[in-house]
Structure formats: C-alpha cells, structure tokens
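Notes for the one structure printed next.
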Amino acid sequence: MPKERKIRVSLNAILTSQCFSKSVVNKGLLTFLVEESLKGENPTEHRIAYEVFGKKSDPDKPHNVRIYVHNLRKKLSEYYASEGKNAEVRLDIPKGAYKVTFHTDRRLALLSIANLSAPYILIAGLLLAIIGGTLWVTAPTQPSDNLFLWGNLLRSGHPTKIVLGDHYFFRGESPIGGWGAIRHTYVNSDKDLDELVRKQPGLAPKVKKMSQTFLNQQAPFGLYKVMGILGGGRIPVDMMYASNMSWHTLKGQNVVFIGSFKTQGILKSVSEAIGIDFRIQDYRLMYSTADSVSSYQGNSAKSYPNLDYATLSRFVTDDGRQIISVIGNTDMSNIACLEHICQKDNLEGLERLASDFPNKNFKALFAIRGQDRTGFQTELVRIDPITVSVDEIWP
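Position in the sequence shown (from 1) plus 566 gives the number in the numbering used here.
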C-alpha cells in the first residue's frame, strides 16, 4: 500500500478538483471511507448511514448508501479519466465492499522523478528504492523472447548489466558565496578535472572532487522502458552507474548502456572505435564508416531542442554476450530513441536491415524532432555494419 502521506495528498487532490467541486455528499462520503480504510476498517452500510448522513442505524430500515457509493464510484472514474489521469496514487472502491483500496502507478511514480524541474536528479535512496522494485517485480509488458535486441539478451545465457550514464560534478566556489556543486561541459571525470587544474594551476585551491554524481531524465526513463521488456525475474539483471564502471565489473555479462555522450566513461573508446564520436565543443556528432565520415549537428545547445541525434549500437562477443548502447546528447534524443527501439515493428525493421551484417552487428543513427517528450518524430537516418573486430574493442 502507498504511504499514508501520499494517500492523503491524492485524496486532497480529488476533493479540490473541478470534478468534485459541487459534490458535497461525495466529498464527505469519500473522506469517511478513506479515513476508515486507513484504520483497517471496513464500515458497514448502517455505520456509513449514521456517520456520513446522520441517520440512526435501523437494521429494518433500508438506506440509500449503496446508491450513494455507486455514484461515488462513477465520480471517481470520471475524475481519473480527466483531471486525475496522471495521479500517482489511485483510490478505488471495489464492488460489494465499502473499503477503499489504494494503488500506486509504478510507471507514473518513476516518471514523476524524471519530471522534476531540476535538470538533474541526485542519485539517492528514493530512486534506488524504485529501481530495486522495478528490477525484480515488474513483469514484461510484451512477449520479448523473439524480439530483436532484447530477445537475444534473454536467450544468451549470460546475466545482464544495465549501466546508467551519470553526470560528473565537482565542488567549487559559488558565485554567491561558499562552496557548491558544479557541472561543466568539458569536465566529465576525475581525469578531466585533473587536466583542467594542470592547465590552470590557479584553480587548485578553488575546486575539489566529490563522490556524488547525478542522473538526468533519460536514465530512470530508460531503465523503466528496458525493464518493461526484461523484467519479472526471468534472467539475472543488475544495474550500476557509469561512474562506478570498470572492465572488471562488466566481465562475463551482457551490457546495456543508457546515457549521453558525456557519460560513457570507459565506453567512450568503444564508441570511437566503431565510428561514433561526439565533439563537445560544437555539439557535433561524427559518424564514420570504412569509406566516409559524416557530420551531424542538431540544435541541442538551445533550451528547447527540436532536432537532435541519437545512436544505437549492438554487437556480439565470441561467447555470445550482447553489448547494446543507446546514446544521445539530450534527454529528448535518448528517450525518443528508447521509445522507438522498444516497439516490435521498429525492431523487426532493424533486424531486416541488419540481417546481412556479420552477426547482425550494427550501429545506427536516428534523427529526433520534437520538444521535451511530446510529439516525437524519430527517423532512422542510416544503419551500418560494425566492421572492427569485436575482440579488439571488448574484453
């Protein structure tokens, strides 16, 4: 059951909604039923008549409680179909009973974190709790054994590691006084910070390394999408942050990386080896094949991008491990790409295009048009084989 605080927040949202604004009876009845249910009580029809409507309990005298509760159920359905459609906690009164049940929409609970106004999300207990529940409780939303990409993970016989790209922060002097967390486009690791201080020695007393890293919207959203296919405890699945990643931690496992070009960590060299390189200086994606180099640049440096690019790569090691990377520059591009490759028709199209490639190893480029997470238009720009030897780029 959701926490009582969240239940009361949900109740208050209903009572103050436009849908219930003129329903004094429904407000009183719902409030009473919720309070009783929170106490673990299942009130009788006669008790409701007395407590809510002030009618003395008379077993021989019929009351209209059933009609009132029936109308309340209809009103709740109306509310959840309109104003309450995005409610994280839903209140329900099952037929034949007067005890309210409370349900948490896991999808909306997760996305509510992703929709925080701050551009980054602290890796904290709240997210970990949701992730932990999602990894092992969520059942697959569609049959996935035969899906390209994801079905291969299920059949590989190897455990799967989902790596979420987290952003590097360091401590520095704040312009308003004191010290604060700082995010800099060109500083994405301890190594980058050391190099910055080496070039500008005067910064040495003004900056410090910190252990905290941050997730942005694409990471929890991506985890939710992938676990919607792989969940249910069918295969061993673990999760880690890119900042904690080493080749040792990836040994003997399938790997699914979800993140931005800036959060790849040790995987950056793998992307570059297969011909995917992102130039932070001008937000330009360089896409290379054996005989060409193409340049792609969206307008992602603006506050509300309407064009960006994302890449998808997939290759198989000699012992059958599946390595998948979904990388974008912005939340928009990564989320749109993930949406696209979690749909059966799109996966079938990718498999047809990759069928002539050795082991179906490929890299693909997507153009995404839209704003925030509304009205995405995702276009497959190109798909090419990965020609480099896998054992040269993956241990």
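Beta carbons are placed, not taken as given, at the ideal position from N, Cα and C, and that holds for glycine.
Legend entry - Buried or exposed (CB count within 10 angstroms, at least 16 for buried), ASN712: Within the sequence shown, the letter at position 146 stands for residue 712. Answer is exposed; the Cβ neighbour count stays below 16.
Inset, instruction - Consult DSSP for SER930 and reduce its assignment to one of helix, strand or coil. - result: Numbered from its first residue, the sequence shown carries residue 930 at position 364. Looking at the sequence shown, residue 930 is not Ser but Ala. Three-state result, ALA930: strand.
Inset, instruction - Report all residues from its chain with a CB closer than 7 Å to the CB of LEU715; omit the five preceding and five following residues, and keep chain order. - result: Here residue 715 refers to the residue found at position 149 of the sequence shown. Only ARG880, ILE890, ILE907, LEU913 meet the Cβ criterion.
Inset, instruction - Could you check what DSSP says for GLY691 in three-state terms: helix, strand or coil? - result: Locating residue 691 in the sequence shown gives position 125, counting from the first residue. Legend: pLDDT at GLY691 = 41, less than 50; position of this residue unreliable, value from coordinates given subsequently. Reduced to three states, the DSSP call for GLY691 is helix.
Inset, instruction - Would you kindly work out how many angstroms separate the C-alpha atoms of ASN652 and ARG764, rounded to a whole number? - result: Residue 652 sits at position 86 when you count from the first residue of the sequence shown. Residue 764 sits at position 198 when you count from the first residue of the sequence shown. Taken atom to atom, the span from the alpha-carbon of ASN652 to that of ARG764 is near 50 Å.
Inset, instruction - State the beta-bridge partners of LYS727 as determined by DSSP. - result: In the sequence shown, counting from the first residue as 1, residue 727 sits at position 161. LYS727 pairs with ASP804, VAL821.
Inset, instruction - Helix, strand or coil for PRO741, going by three-state DSSP, please let me know. - result: Here residue 741 refers to the residue found at position 175 of the sequence shown. Here PRO741 sits in coil by DSSP.
Inset, instruction - Determine the closest residue to PHE735 out of ASP758, ILE728, LYS727, with distance taken between C-alpha atoms. - result: Here residue 735 refers to the residue found at position 169 when the sequence shown is read from its first residue. The shortest Cα separation from PHE735 among ASP758, ILE728, LYS727 belongs to ASP758.
Inset, instruction - Determine whether the Cβ of LEU946 lies closer than 8 Å to any Cβ atom of chain B. - result: No chain B is present in this structure, which holds just one protein chain.
Inset, instruction - Locate the beta strand (DSSP E) running through GLY768, then write down its first and last residues. - result: Stepping through the sequence shown from its first residue, residue 768 is reached at position 202. GLY768 -> no beta strand (DSSP E), and no H or E assigned at all.
Inset, instruction - May I have the straight-line CA-CA distance separating GLN943 from LYS772, to the nearest angstrom? - result: As a working note, residue 943 is residue 377 in the sequence shown. As a working note, residue 772 is residue 206 in the sequence shown. Roughly 44 Å separates the two Cα atoms.
Legend entry - Contact set for TYR752: own chain, Cβ-Cβ below 7 Å, skip 5 residues either direction: One-based indexing of the sequence shown puts residue 752 at position 186. Hits under 7 Å: ASP758, ILE846.
Legend entry - Touch test, the stretch 850-868 against the stretch 918-926, Cβ-Cβ under 8 Å, three pairs minimum: no
Legend entry - Contact under 8 Å by Cβ, ILE580 with TYR664: The sequence position of residue 580 within the sequence shown is 14, counting from 1. The sequence position of residue 664 within the sequence shown is 98, counting from 1. Against a cut-off of 8 Å, the Cβ pair of TYR664 and ILE580 comes out as no contact.
Legend entry - C-alpha distance - THR670 paired with GLY606, whole-angstrom precision: By 1-based counting over the sequence shown, the position of residue 670 is 104. By 1-based counting over the sequence shown, the position of residue 606 is 40. Taking the straight line joining both Cα atoms gives about 18 Å.
Inset, instruction - For ASP732, collect the residues of the same chain with a Cβ closer than 8 Å to its Cβ; drop the 5 residues on either side in sequence, then sort them by chain order. - result: Along the sequence shown, read from residue 1 onward, the residue named residue 732 stands at position 166. Cβ-Cβ distances below 8 Å link ASP732 to ILE689, THR779, PHE780, LEU781, ALA785, TYR807, ALA808, SER809, GLY825, THR829 in the same chain, with the five nearest sequence neighbours on each side left out; the list follows chain order.
Inset, instruction - Drop a sphere of 10 angstroms on the beta-carbon of LYS641, count the other beta-carbons inside from all chains shown, and report buried for 16 or more, exposed for fewer. - result: Working through the sequence shown from its first residue, we reach residue 641 at position 75. Buried, because 16 or more other Cβ atoms sit within 10 Å of the Cβ of LYS641.
Legend entry - Closest by C-alpha distance to PRO924, when choosing among ARG935, SER587, GLU654, THR953: The count along the sequence shown starts at 1 and reaches residue 924 at position 358. Comparing alpha-carbon positions, the option among ARG935, SER587, GLU654, THR953 lying closest to PRO924 turns out to be THR953.
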